[in-house]
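The structure under discussion appears below in the form of structure tokens.
Numbering (our numbering), first residue to last: 40 to 188.
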């Protein structure tokens, strides 16, 4: 099973996008599945405001846990994490059209009307699983390339 399939499985199983991506990589990050699901629970639907796609937020959490700066004077880790973040977001945007939730769904889900529109048009069940899978696949590519460097 690929990471994209695993993440999509979490999503289809009732977890939100950010939880799904983070949980699919939890072992790589040194955290438990339960910790990943809890940590990712506040980032879905672009932090409930239609901002950065939750699948992207989950992926960025993975990159932070794997490569992030944990010492104030570690400029090299900061630079590496920044570069990986840029690479991920650029690749996701190129493949999916944007990394902003409202743009990806074509409506403003931060409003009751927009959220209802998304539900009635089945955007969350038709579009979001594809974005979750794409996020996990792109993240896997970014990590593989980072490990090769």
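Using N, Cα and C, we set each Cβ at its ideal position, and we do this for glycine too.
None of these values were measured; they are calculated from a predicted model.
Using 8 Å as the threshold, is the C-beta distance between residue i and residue j below it?
i	j	result
residue 136	residue 43	no
residue 57	residue 83	yes
residue 40	residue 67	no
residue 185	residue 123	yes
Near residue i, what residues of its chain come up, given a Cβ to Cβ distance below 7 Å and the 5 sequence neighbours on each side ignored?
i	result
residue 90	139, 140
residue 156	146
residue 88	149
Kindly list the residues whose CB is nearer than 6 Å to the CB of residue i, restricted to its own chain and excluding five residues on each side of it in sequence; keep chain order.
i	result
residue 162	144
residue 47	168, 171, 172
residue 175	42, 43, 46, 60, 63
residue 117	108
residue 165	none
residue 110	none
Just mark residue i as buried or exposed, buried being the case when its beta carbon has 16 or more other beta carbons within 10 Å.
i	result
residue 79	buried
residue 52	exposed
residue 92	buried
residue 183	exposed
residue 154	buried
residue 114	exposed
Leaving out five residues before and five after residue i in sequence, what residues of the same chain have Cβ atoms less than 8 Å from its Cβ?
i	result
residue 127	95, 98, 99, 102, 177, 178, 181
residue 55	79, 80, 82, 83, 84, 93
residue 132	138
residue 77	none
Along the chain, which unbroken stretches of the alpha helix (DSSP H) at least 4 residues long are found entirely within the region 134-185?
140-144, 151-159, 162-165
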